[in-house]
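The structure appears below as structure tokens.
In full-length UniProt numbering, the protein residues as written are 1 to 359.
So, in structure tokens, the structure goes:
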């Protein structure tokens with residue numbers, strides 16, 4: 001959806017705003033705080049695809065930037081943290097990790113209805129569906145997957161203290177704390193029976209490893225469709241969606257990536273799902289084990305057994321899907337595909353239980 005132009009230099013001009021974005025107040029705020037951004041007519045378009053935070057393309061005269069804000073309603077504690085996203089992309093700007101340029105952070109919810117930040121619009125495409133990835137062919141799909149793993153290895157190689165992120169999280173006890181955190185999120189999102197999910201939670205809590213690799217910068221939701229990339233030539237231009245970033249065990253990123261890649265991207269039960277339609281072996285990409293081999297060849301992280309981390313990834317993604325499903329039942333989601341998100345919870349729980357029982 002898009003809006004009529006709004007002239008930010010005319011206070012009397014009142015825009016017709018897209019849901020979740022008060023353009024008139026945003027125009028006034030920019031004119032006061034960042035007048036160099038408040039030039040020419042202001043337009044906004046909701047960028048479809050994201051299932052959590054809301055992302056908009058803003059046209060500020062001849063310039064385009066991106067605005068991020070939390071979802072509508074039912075915002076869980078510690079989730080959807082705009083300050084956290086803004087801080088980490090600002091810190092990683094001088095590193096080899098590709099991130100958008102950070103422009104402005106606003107923590108005042110009165111401006112547009114929620115905290116938000118602005119970042120530069122980056123080149124590239126978000127590869128999310130089979131319609132996008134099928135035409136690439138085997139060679140470019142493979143190259144894209146390997147570039148994704150090289151980017152993750154680059155992130156995990158950044159020393160947090162070297163970029164001002166030494167206090168960005170608490171690495172000690174990170175994995176056990178992740179189980180508790182997502183268990184709490186689950187309790188705040190329950191709206192229907194979820195067979196097996198409490199057993200999965202308890203298994204994870206009872207078997208959480210120490211986390212020998214703790215202390216690295218962890219993205220928290222690293223996957224192909226959280227990257228801006230190009231296929232000709234193959235390159236990753238930016239890593240997006242940093243709302244769950246922290247200091248912790250990088251194996252958590254690998255476990256969640258394998259959950260998207262092999263569980264949702266390779267499972268018959270999850271075929272055609274709206275979360276990972278264009279990912280994984282089913283879509284013609286290399287297997288998860290090939291991705292891990294690529295990562296291990298470019299990282300000093302001890303990969304080791306990943307079954308527990310895959311089980312955690314299944315639990316975490318099941319809770320996220322259930323939260324999105326709950327918001328959808330309350331009419332608090334924008335865009336398409338939300339009606340099927342709830343279908344992902346059961347297969348994720350089943351696979352998570354199988355992984356958690358491995359020895």
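Where is the CB? At the ideal position from N, CA and C, for every residue including glycine.
Small disclaimer: the values here were computed from a predicted structure and weren't measured.
Quick check: what's the CA-CA separation for residue i versus residue j?
i	j	result
residue 304	residue 213	10 Å
residue 358	residue 229	35 Å
residue 50	residue 241	Note that residue 50 has pLDDT 49, beneath the 50 cutoff, so the model's placement of it is unreliable and the number below is only indicative. Cα to Cα, the separation comes out at about 9 Å.
residue 137	residue 200	38 Å
residue 110	residue 245	26 Å
residue 193	residue 114	31 Å
residue 126	residue 197	31 Å
residue 235	residue 195	42 Å
residue 360	residue 53	No information on residue 360 is available, as it lies outside the stretch 1 to 359 that the chain covers here.
residue 233	residue 30	37 Å
residue 47	residue 317	22 Å
residue 77	residue 159	Residue confidence for residue 77 is low, a pLDDT of 45 falling below 50, so the modelled location carries little weight and cannot support an answer.
residue 183	residue 63	43 Å
residue 181	residue 285	32 Å
residue 116	residue 56	11 Å
residue 83	residue 206	33 Å
residue 41	residue 300	49 Å
residue 344	residue 39	44 Å
residue 165	residue 147	25 Å
residue 94	residue 191	44 Å
residue 298	residue 339	39 Å
residue 226	residue 144	13 Å
residue 122	residue 296	28 Å
residue 65	residue 118	7 Å
residue 43	residue 26	11 Å
residue 402	residue 356	Any answer about residue 402 is impossible in this case: the structure gives the chain only from 1 up to 359.
residue 132	residue 202	39 Å
residue 178	residue 61	43 Å
residue 104	residue 320	28 Å
residue 35	residue 28	9 Å
residue 307	residue 347	16 Å
residue 293	residue 112	45 Å
Is residue i close to chain B? Criterion is C-beta to C-beta, closer than 9 Å.
i	result
residue 300	The question asks about chain B, but that chain is absent: this structure has only one protein chain.
Which partner residues does residue i have in the DSSP bridge list?
i	result
residue 119	66 and 102
residue 231	234
residue 125	229
What residue range is occupied by the uninterrupted beta strand (DSSP E) comprising residue i?
i	result
residue 217	216 to 218
residue 246	246 to 248
residue 239	234 to 239
residue 43	41 to 46
What span of residues does the alpha helix (DSSP H) with residue i cover, start to end?
i	result
residue 56	Unbroken run through residue 56 is the beta strand (DSSP E), 54 to 60; no alpha helix (DSSP H).
residue 151	137 to 156
residue 210	Where residue 210 is concerned, there is no enclosing alpha helix (DSSP H), given that its DSSP letter is neither H nor E.
residue 23	23 to 33
residue 346	345 to 356
residue 89	82 to 92
residue 322	307 to 329
residue 186	174 to 187
residue 133	130 to 133
residue 108	Note, residue 108: premise wrong, no alpha helix (DSSP H); not H, not E.
residue 294	288 to 296
State buried or exposed for residue i, treating a residue as buried only when at least 16 other CB atoms are found within 10 Å of its CB.
i	result
residue 58	buried
residue 161	exposed
residue 253	buried
residue 33	exposed
residue 330	exposed
residue 189	buried
residue 210	exposed
residue 20	buried
residue 90	buried
residue 167	exposed
residue 322	buried
residue 107	exposed
residue 249	buried
Between residue i and the ligand ATP, is there a pair consisting of the residue's CB and a ligand heavy atom that are separated by less than 8 Å?
i	result
residue 283	The model depicted lacks the ligand ATP and carries no ligand whatsoever.
If you pair each beta-carbon of the region 237 to 252 with each one of the region 95 to 113, do three or more pairs fall below 8 Å? Between the region 237 to 252 and the region 95 to 113 there are three or more C-beta pairs closer than 8 Å, enough to call the two in contact.
With three or more C-beta pairs closer than 8 Å as the rule, is the region 164 to 181 touching the region 208 to 227? Yes, they touch.
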